[in-house]
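Read the structure below first, then the notes.
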Amino acid sequence: MLKQEIKRILSNRNLYFYITYWILYLLFFTTQRFFALQTEAFRMGFSDPKKIDLLKESFLTNLAFLPLVIIATHFVVNIILPKYFFRNKFYIFSILLGVLVFVYPILVYFLRKIVVEPIVLHRPMDYSWYNYFMAMLIFVFGMVPLAWYKISSHLREDALLRQKIDNDRLNALLKLKETELKLLKSQIHPHFLFNTLNNLYSLSLEKSDKTPDLIIKLADMLSYIIYDCNSEKVPLAKEIDFINSFMELQRVRYDSCDISLNIKGDINNKQIAPMILHTFVDNSFKHGADKDSGNPWIKVSITFKDGLLYLLVLNSTIKKGEENDKKVPGIGISNAKKRLELIYKGRYELIINNSANRYSAFLKLQL
């Protein structure tokens, strides 16, 4: 146990830093005191003072004061800095630091009278206000570098901690969004399949000759959903081909509906999240042509220009008050809004307008 504790202490890099610091501190003030004593000796008329004696006296004097300096400095650096300054209790920290700075020279005086003069110097020395303030300055001078080192270490650790917290939060948010996106995509595919199979079921009841061809077209569309839509992005041209096939399939069922698709711009080599555009087209049939028994119409316009995709879907609706069966709104548009927010946040604009006899959805998307 003792061996492990010694090993832990010796492996502490801060320990070597502090040992080096206090050695340099001792050498610096020994040199400073040596030259001060030498100057004082010349001033008092000693033409050739023994330098070795002056150096020895200077070293032993500073060595005697060193424990008090270390204790006072580390009291500031390791106790009141973490306990008050790092916790934003600046008022209490300032009071404690001020008291210590003013009390420290008094402690130096007692140490000087009890230890330095009788043991090191073997003679009494005068003590004036100059000595008081010099002791204060020396203490502050020795404390400031370690205090700055402690503060900078704290700021660095705090920055790393904040960065780790931010990274953890972003990773958690990313995983949450990925999970939500997978859930939304899993809802989209059954939603589309359910609507399309309903269409084919209606045609089969009518014994339409177009049913086999539409089943083949549906197979191609399902291939797009199963294989292409597993990717985060799909070619825009494929998404539009899918919409075109979907509208062709719907033309058979809604033969009385005026359906048009207009495409402008270069759609090649562009990528888009799968099934985003289709949702708004599908909604125009489900809540437009499917409910309008009069002369329904659906107009879809897709334009790509300057990196922006514009989708405009217009469809007729029955007048307010004529609904015989108010169904609960489907999940398509709701999912589309969530997916847009997850994938294209800050890069899209969606405007939906439902008037007395017309429903419109306008989407501007930065690809």
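With my numbering applied, the sequence shown covers 8 to 374.
The beta carbon of each residue, even a glycine, is placed where N, CA and C say it ideally should be.
Using a 10 Å radius around the Cβ and a threshold of 16 neighbouring Cβ atoms, would you call residue i buried or exposed?
| i | result |
| --- | --- |
| F36 | buried |
| V105 | The question names Val, yet the displayed sequence has Gly at residue 105. By the 10 Å Cβ count, G105 comes out exposed. |
| R260 | buried |
| I266 | buried |
| P131 | exposed |
| I86 | exposed |
| P303 | buried |
| I247 | buried |
| T80 | buried |
| T324 | buried |
| N276 | exposed |
| A343 | buried |
| N205 | exposed |
| N364 | exposed |
| N178 | exposed |
With DSSP as the reference, label residue i as helix, strand or coil.
| i | result |
| --- | --- |
| E239 | coil |
| A280 | coil |
| L321 | strand |
| S215 | coil |
| D313 | coil |
| A363 | coil |
| Y137 | helix |
| Y25 | helix |
| N269 | strand |
| I358 | strand |
| I305 | strand |
| K345 | helix |
| D332 | Confidence is the limiting factor: at D332 the pLDDT is only 43, short of 50, which leaves the residue's position unreliable, though a coordinate-based value still follows. D332: coil per DSSP, three-state reduction. |
| L370 | strand |
| Y98 | helix |
| R130 | coil |
| R20 | helix |
| K245 | helix |
| F35 | helix |
| A353 | Checking the sequence shown, residue 353 turns out to be Gly, not Ala. Coil. |
| S263 | coil |
| K57 | coil |
| I232 | helix |
| I274 | coil |
| F253 | helix |
| F93 | coil |
Between residue i and residue j, which are expected to be in contact by the criterion C-beta below 8 Å, what is the C-beta distance as a whole number of angstroms?
| i | j | result |
| --- | --- | --- |
| L62 | F41 | 5 Å |
| H294 | Y366 | 7 Å |
| A71 | V127 | 5 Å |
| L256 | K224 | 6 Å |
| I222 | L243 | Actually they are not in contact, since the Cβ atoms of I222 and L243 sit about 27 Å apart, beyond 8 Å. |
| L144 | Y28 | Between Y28 and L144 the Cβ distance is about 18 Å, and since that is not below 8 Å, they are no contact. |
| S211 | T218 | 6 Å |
Check this for me: beta carbons of residue i and residue j, under 8 Å apart or not?
| i | j | result |
| --- | --- | --- |
| M282 | L268 | no |
| A280 | I350 | yes |
| K157 | V108 | no |
| F287 | L318 | yes |
| D44 | S65 | Here the sequence assigns Leu to residue 44, which means Asp is not the residue at that position. Yes. |
| F100 | F92 | yes |
| L22 | L73 | no |
| L370 | G314 | no |
| Y231 | K245 | yes |
| Y137 | R119 | no |
| R354 | L372 | yes |
For residue i, I'd like the list of residues in its chain whose CB is within less than 8 Å of its CB, leaving aside the five on either flank, ordered along the chain.
| i | result |
| --- | --- |
| V291 | In the sequence as displayed, the identity of residue 291 is Ser instead of Val. Excluding sequence neighbours, S291 sits near I305, V307, V320, L321, N322, Y366, A368. |
| Q278 | K240, V241, P242, L243, L374 |
| I77 | W29 |
| S209 | R260 |
For residue i, which residues of its own chain have a beta-carbon under 6 Å away from its beta-carbon, when the five flanking residues on both sides are left out?
| i | result |
| --- | --- |
| F146 | Y111 |
| I340 | N290 |
| N361 | none |
| H200 | For the sequence presented, residue 200 should be read as Leu rather than His. Here the set comprises nothing. |
| V115 | A142 |
| E356 | K371 |
Which same chain residues end up closer than 7 Å to residue i when comparing Cβ atoms and leaving out the 5 residues on each side of it in sequence?
| i | result |
| --- | --- |
| M228 | F249, S252, F253 |
| K271 | T310 |
| C264 | A296, P303, W304, I305 |
| Y139 | P112 |
| E348 | none |
| K312 | G272 |
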